Amino acid sequence: MFAIETGINSSYSSILTNSVFFNQTLQHFFHRNGRGANITAPFKVHALNLCDHITKHASLVGAVNTIVKLPNNLLLGANTDGIGLISDLHHFYVLHKKIKSRVLLVGAGGAARGVIAPLIHNYNCNIILVNRTFLGAKKLVSCYKYMENLSTLPIEQLQLEKVKFDLIINATSADNFSNFLPYSLIHEQLFCYDMCYQQEGDTAFITWCRQHGAKKYLNGLGMLVSQAAYSFLLWHGILPSIIPVLNKLLKRTI
Ligand code: ATR
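Residue 109 in our numbering sits at position 109 of the sequence shown, and the numbers go up by one each step.
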């Protein structure tokens with residue numbers, strides 16, 4: 001849809017590989033005139049090590065989801081996951097730049113790491129990061145020591161927190177939240193965002209949020225489309241429209 005909209009002659013398809021053949025697959029693709037690639041989990045860190053140049057953001061995140069073949073045939077590694085989330089939050093008016101929002105970010109893996117700096121830089125929000133394993137949360141937060149906007153606490157202490165969050169983002173791969181997060185977090189004004197996505201029905205996180213009274217929620221399908229649009233921008237120099245693609249995936253009429 002991006003190619004049709006922009007009139008760019010481009011084909012995009014998926015390639016299945018594994019950790020043994022990942023390097024070879026990538027080399028083969030670019031030797032056969034591939035112009036750019038998206039890299040999905042679990043190869044984003046691997047991809048970073050194969051690129052000749054890395055953008056500042058991808059290097060901070062420690063993962064590459066977009067590779068661009070430069071005119072000199074060298075490979076540039078970038079990461080559009082963070083801007084993908086910001087773009088989706090922006091489309092749905094989830095956060096406001098003028099208000100210092102309180103965000104609870106759940107998870108300390110690659111998905112969480114990719115969105116911390118973009119959230120703070122775009123919204124100057126206060127982020128509390130929690131994780132199943134407190135050590136993982138502490139390690140991640142310590143990478144961003146300079147940021148006053150980011151802190152962590154053991155998940156058990158969440159129940160005692162008096163702070164009412166504006167946004168909770170699930171960046172874990174957990175499939176059950178009942179024994180993990182206190183439902184006292186949920187209130188009617190809270191926006192619940194799941195970085196996991198599915199085309200139909202609610203994800204496990206959104207199901208849990210709704211069961212406890214959440215009224216505002218989104219899964220990560222919009223983030224997926226948005227990160228793809230920003231990858232397209234890196235390859236072709238044009239940012240295509242995100243909403244028509246999202247509507248089509250959700251089978252809504254435009
Ligand atoms: P990704 O790169 O997609 O973020 P990851 O690096 O494996 O994947 O991170 C997965 C995240 O989900 C981690 O924060 C992990 O918590 P731990 O650091 O404690 O492992 C979290 N996670 C995975 N399964 C979980 C579960 N069943 N309950 C709670 N958190 C879980």
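Beta carbons: idealized from backbone N, C-alpha and C, even for Gly. Here the structure is a predicted model, which means the values were calculated and not measured.
Between the alpha carbons of I127 and R32 lies a gap of roughly 44 angstroms.
Looking at the DSSP output, T66 bridges to N38, A78. Inter-segment contact for the stretch 191-205 and the stretch 127-145 is absent: fewer than three beta-carbon pairs are separated by less than 8 angstroms.
Bridge partners of N219 according to DSSP: D194. Beta-bridge partners of N126 (DSSP): R102.
The criterion of a C-beta distance shorter than 8 angstroms is satisfied by V103 and F165. The chain-ordered list of residues whose CB is nearer than 7 angstroms to some heavy atom of the ligand ATR reads A41, G107, A108, G109, G110, A111, A112, N131, R132, T133, G136, A171, T172, S173, A174, D175, N176, F180. Residue pairing by DSSP puts T152 in a beta bridge opposite L129.
Shown here for G220: same chain residues with a beta carbon closer than 7 angstroms to its own, the five before and five after excluded, namely D194, M195, C196, Y197 in chain order.
Comparing C-alpha distances from V106 to each of V141, H28, N72 shows the shortest one belongs to V141. Secondary structure of I206 (DSSP, three-state): helix. DSSP, read as helix, strand or coil, puts H187 in coil. I39 sits away from N18, with the two beta carbons spaced by 8 angstroms or more.
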